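Report on the structure given below.
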Amino acid sequence: MSPTVTHESILQLIISLTQIREEDNIIESFLNEWNRLLPSAKLAFLKPGSEVGVNSLLVSTEAYTFGSLDILGGIDDIATEVIILLSKSARLLAFILESRMNESFLVDGQKELQKSVRSKSQELHKVEDAYKELTDSISDVFIAMDRDFNITYWNKAAVALTEVTSAEIIGESIWNVFGMLRGSVFEQSLKDTRATWKKSNFDMEYEVNGRKYYFQVIAYPFRQGLSLIARDITSRIFERKQEIQEQQKKINEQKIESLAIMAGGIAHDFNNLLNVVIGHSSLLLNDMSPDDPIFSDLQAIEQAARTAANLSRQMLDYSGRGKIQNNIIEINSYLRDLKSVLTLSVPEGISFRVKTARSQTHVEGDSNQIRQLITNLVVNAIESIEKVGNIEISTGVSEYSDDDISSSYVNDNLKPGVYVFIKVTDSGCGIEKGDLPRIFDPFFSTKFTGRGLGLSAVMGIVRGHKGGIIVTSEPGHGSEFTILLPKKESPAGTMKETQKIPYSFVNRGSILFVDDENSVRRAGEKMLKRLGFNVFSASNGLEAIEVFKNHSNEISVIILDVAMPEMDGIETMIEIKKLNSQVPILLSSGYSDPDNIRIADGASAFLPKPYNFSQLTDTLKKVLNGG
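Going by the numbering used here, 331 is the number at position 351 of the sequence shown; the sequence numbering is gapless.
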């Protein structure tokens, strides 16, 4: 259909023609409007007896023929729907012309008057029927009313929307149906249209049976009152809202990714510094008697460094780069074992319940991080409850659709399918809608300062396990956090414990220690020399390869930093393995990406920073004993 020819425009044309008294003016107005609406063709009116073309429409009623409408040129460009509308409007034109002609007979006397009145009544009924047919054929709501807002016409679309029939509403006030819109833009616009005799355009919201609709409305004045046409734009509004939500979600994901990269980088540098503090303090403590006056001071330094290392670990969890030691975990059993520990942290006045599913809930993950995830969610729930309330943890297996996945705050790797869920529900204060996108930001809180990295770490752990988080919350009615983890069908088998074999470092050769940080190298060299090793050191991968080439017969083990400029630890390890595939290599890093650091790549062990003298010793024992 041509974008300029609509049911609305034809309705307004017919309404305007009924206000014109002269026959010639009626025909002229009809032709002018249609010729405006048909830019590719021209419409002409031919009197009876004129030669009729092949593209003509008869303008006639059962009693009279007034002529024909001849379509000149461009008819192939006119849509079928427009031709149908033109045909209907031609018939309505004939009825109006007949009505005007009948009115002229009133001067002929009383008999003719009575006959004309009867004829006019019949023709008006025909016009009304044709008018009703036209308005009922459109999907838009069409309502006509008098100047007191009493309904005079109510089309099928209005019936479908309100579930009020024409018989029930004709003659009644429009406010009997739309009373909830009193005082809104709807009422004001109708009053303005009536007062100014100008059409009004406005948008409105209408709710019926719990469902919300959005309409684009145009109100028109006419002599007896006014009419309105309301077009349903609900789907368009929802699509726009969904588009805005998707854009906001992308912005949030980009923000989270940027924060994660920053957190990972800070944690890496932070761990290098802590490695120096913990390394030197552990060396001093190892050589010092507990009775020494500064022994407790050194212990305090080491403990503070370990507390800082824990903060660094949470930063790594948030970044999704925390070290993950994957095992098959049965969430139900794991949660039942964890329940007693969690219960101890719940204050009096708060009811705590764990509800596990009957189905098996196997996932692949790091048990320590899963414990941290659950603990952080429970702590968050406790903090949301003032004094008295409820907290429940439930588990299960469920299938999640595209719509479910799209609502997750982490969905980079999620696909529709079956997931194990861990759901933590509380009856706390709830979260404002505007705050929901920010709750996983580090240190964000609306209640108190120093919130920390609790929920931020939860997000990082979930990202590291390629899972999802769905949050629903209402202020004053609590919150629900649902963690989705990819389901494993069956356990992959139990892991064998490595047998610990006593070992002495006497005569075990030299160690190549590689790290780009001078302070880390110095601390490492001191600890290794204390263990009895001869130490070669290098500040980057290229230098390490050269040192190994020159001393390969002496070097029995290599400690290799992962994140280094020029050539990183993984690349360096690959090149060294080409020279000697049997040499043991320990990879060490302030952060670890499970996708990049794999024991299967050839490393004998992984040594996370920061580490102390005891941890370094234990790791070397395992490696040099083939563990």
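From the three backbone atoms N, C-alpha and C, an ideal C-beta is built for every residue, glycine too. Treat the numbers as computed from the prediction; the structure is a model and nothing was measured.
DSSP state of residue i, grouped into three classes?
i    : result
Y314 : helix
L435 : helix
F122 : strand
F25  : strand
R191 : strand
H342 : strand
Q204 : coil
F166 : helix
Q588 : Strictly speaking, residue 588 in this sequence is Pro, with Gln absent from that position. Strand at P588.
S381 : coil
I150 : coil
I246 : helix
L567 : strand
L394 : coil
G259 : helix
G410 : coil
K446 : coil
M81  : helix
In chain order, what residues of the same chain have a beta carbon less than 6 Å from the beta carbon of residue i, not counting five sequence neighbours either side?
i    : result
N251 : S292, G570, K589, P590
I491 : L508, F513, V515, V537
Q196 : D183, R211, I213
K403 : S374, T462
L278 : S261, L264, L265
K557 : G582
I150 : I131
What does the alpha-carbon distance come out to for the pair residue i and residue j?
i     : j     : result
D598  : D267  : 18 Å
S453  : T336  : 22 Å
I209  : K367  : 55 Å
L73   : I7    : 8 Å
N307  : E469  : 14 Å
P273  : L604  : 37 Å
G205  : L394  : 58 Å
D406  : N356  : 13 Å
V87   : M81   : Here V87 scores only 46 on pLDDT, less than 50, and its place in the model should not be relied on; the value that follows carries that caveat. The straight-line gap from Cα to Cα measures roughly 12 Å.
L77   : R162  : 41 Å
E551  : A524  : 11 Å
E219  : Q227  : 12 Å
Q(-1) : L(-9) : 13 Å
R338  : V438  : 25 Å
E477  : Y314  : With a pLDDT of only 33 at E477, under the threshold of 50, the placement of this residue in the model should not be trusted; the figure read from the coordinates follows. Looking at the two C-alpha atoms, the distance is approximately 19 Å.
R216  : S119  : 16 Å
E505  : S517  : 8 Å
N135  : T145  : 9 Å
I51   : G190  : 49 Å
T323  : Q352  : 15 Å
So residue i and residue j are in contact, right, with Cβ under 8 Å, and what is the actual spacing, rounded?
i    : j      : result
A566 : I538   : According to the sequence provided, residue 566 is Leu. The question's Ala does not apply to it. The pair is a contact, with the Cβ atoms about 7 Å apart (cut-off 8 Å).
L26  : S48    : 5 Å
R333 : E372   : 5 Å
N130 : E152   : 7 Å
L17  : V(-15) : 5 Å
So if DSSP puts residue i in a beta bridge, which residue, or which two residues, is it bridged to?
i     : result
F461  : V404, V451
P466  : Y399
W14   : Partner(s): none; W14 has no beta bridge.
G47   : V39
S511  : Here residue 511 is Leu; the residue named in the question, Ser, does not match the sequence. L511 is not bridged to any residue.
A199  : S180, L208
F75   : Beta-bridge pairing links F75 to no other residue.
G369  : I330
I491  : V515, V537
E185  : Y194
N307  : G345
N130  : S153
K335  : S374
L(-9) : Paired residue(s): none; L(-9) is not in a bridge.
L52   : K22
Can you list, in chain order, the residues of its chain with a C-beta nearer than 8 Å to that of residue i? Leave out the 5 residues immediately preceding and following it.
i    : result
Y193 : L141, E185, Y186, E187, D212, T214
A288 : F250, L254
S378 : V398, Y399, F401
G53  : S20, A21, K22
E103 : T41, F75, E78, S79, N82
Using beta carbons (cut-off 7 Å, strictly below), is residue i in contact with chain B?
i      : result
S(-11) : The structure shown contains no chain B; it is built from a single protein chain.
Within its chain, find whatever has a CB closer than 7 Å to the CB of residue i; leave out the 5 residues flanking it on each side and keep chain order.
i    : result
S169 : S180, F182, A199
G369 : I330, D406, S407, G408
F428 : Low confidence applies to F428: its pLDDT is 42, below 50, so where it sits in the model is not reliable enough to give any reading.
Less than 6 Å separating the Cβ of residue i from some heavy atom of the ligand SAM?
i    : result
Q352 : Ligands are entirely absent from the displayed structure, and the ligand SAM is therefore not among its contents.
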